[in-house]
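For reference, the structure discussed in these notes is given below.
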Amino acid sequence: MSSQKIFLFDFDGVIVDGMHEYWHSSLLACEKYLNSPYISFDQELYKRVPNTFKEIRPWVKYGWEMILIVHEIIKTKNPLTNNNKDDFINNYHQNCKNILNYNSWIAEDLQKILDESRKYQIDKDFKSWVNLHYPFFEVINFMNELKKREIKTGIITTKGKIFAEKILKQLNIFPEFIFGYESGTKIKIAEKLTRTYEVLGFIEDRKRTLINIKKNSETSHIKCFLADWGYLKKSDRYNLSNGIKLLRLENLKETVAI
Ligand SMILES: [Mg+2]
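Numbered according to the numbering used here, the sequence shown terminates at residue 1413, and the numbering increases by one at each position without gaps.
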């Protein structure tokens, strides 16, 4: 094993709380690029993030799913609401597929318009866009602490790399690596990194991703931490399988012997 040490982080829900940005950017994508006949717009929608959206967010794996969810919430007929959200959640993946099919959408196209929406805001008013993200300063401090100890940091996100990079730069964080959705699955990225580095740990708020890391023979030795402060489903905190620890912000430093 290499003597080069690295610590891995997910981005959304681990380094920043981007809930306002997800809502804002997805809504803007629906308004500017989606051309759906089933929705109508009111600028009031931008003012606050509906609970329905917040509660479904823990099920989201890729950004494009958020566009689909926003579309369902702002539909003029039979919208997705707090009253019927459980039905949506209980069959989340199938429901996403059905909505794609019904509207003849392709996931990649939805991802493209989400990226477009972000680019548009960055070009127009970068500061306002960045300010939609709330950093978890305990994590930022921890990353700085790692740097002092010459432990490298890597970010593995399902966001586009360029967007994570812009926010991190604003927070004065310059990790050795940032991998976005363009780089493939988190498991494959972690697998590759273990060939060159001693991976000290991985903090992520999506339990399924950590379970898959633990199941894969090449990455199963990585210490996995489920971020208690992230977008967790209620059930995530219970029955954690072997090797995955629930981590609280105040216990970050206990993840490595520093
Ligand atoms: Mg996350």
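C-beta: ideal position from N, C-alpha, C; glycine also.
Rounded Cβ spacing between residue i and residue j (contact assumed at less than 8 angstroms)
i: Gly1315; j: Glu1331; result: Incorrect: roughly 19 angstroms between the Cβ atoms, too far for contact.
i: Ile1328; j: Met1298; result: 6 angstroms
i: Phe1196; j: Glu1186; result: 5 angstroms
i: Met1174; j: Arg1203; result: Incorrect: roughly 11 angstroms between the Cβ atoms, too far for contact.
i: Leu1269; j: Ile1222; result: 6 angstroms
i: Tyr1193; j: His1179; result: Rounded, the Cβ-Cβ distance is 20 angstroms, inconsistent with contact.
Best match in the options for proximity to residue i [C-alpha to C-alpha]
i: Glu1225; options: Ala1184, Pro1192, Tyr1217; result: Inspection of the sequence shows that residue 1225 is occupied by Val rather than by Glu. Of the candidates Ala1184, Pro1192, Tyr1217, the one whose C-alpha sits nearest the C-alpha of Val1225 is Ala1184.
i: Gly1168; options: Ser1396, Leu1387, Lys1400, Tyr1393; result: Leu1387
i: Lys1369; options: Leu1395, Ser1390, Trp1384; result: Leu1395
i: Phe1166; options: Glu1320, Arg1363, Arg1212; result: Glu1320
i: Phe1380; options: Arg1392, Ser1372, Asp1391, Lys1400; result: Lys1400
i: Glu1300; options: Tyr1188, Asn1258, Glu1409; result: Glu1409
i: Lys1343; options: Thr1374, Glu1271, Met1174, Asn1296; result: Thr1374
i: Tyr1188; options: Glu1271, Tyr1352, Asp1391; result: Glu1271
i: Ile1358; options: Thr1351, Tyr1352, Ala1345; result: Ala1345
i: Leu1182; options: Asp1172, Lys1230, Glu1405; result: Lys1230
i: His1376; options: Gly1385, Asp1391, Tyr1352, Ser1390; result: Tyr1352
i: Glu1263; options: Asn1367, Lys1303, Glu1337, Asp1391; result: Glu1337
i: Arg1304; options: Glu1176, Lys1282, Val1411; result: Val1411
Within 8 angstroms, strictly: CB atoms of residue i and residue j
i: Thr1313; j: Gly1218; result: yes
i: Ile1311; j: Phe1291; result: no
i: Leu1355; j: Asp1383; result: no
i: Ile1306; j: Lys1160; result: yes
i: Val1285; j: Ile1322; result: yes
i: Ile1170; j: Phe1164; result: yes
i: Glu1227; j: Ile1254; result: yes
i: Asn1256; j: Asn1237; result: no
i: Leu1326; j: Ile1295; result: yes
i: Asn1258; j: Ser1158; result: no
Entirely enclosed alpha helix (DSSP H) segments - the region 1259-1312, minimum 4 residues
1262-1285, 1292-1303, all fully within the region 1259-1312.
Using a strict less-than 5 angstroms threshold between each residue's beta carbon and the heavy atoms of ligand 1, what residues do you get?
Asp1165, Asp1167, Gly1168, Asp1360
Every unbroken beta strand (DSSP E) within the region 1329-1383, with a cutoff of 3 residues, ordered by chain
1332-1334, 1353-1359, 1379-1382
For the region 1197-1262, list the alpha helix (DSSP H) runs that are entirely contained and at least 4 residues long, ordered along the chain.
1206-1211, 1219-1228, 1240-1245, 1247-1258
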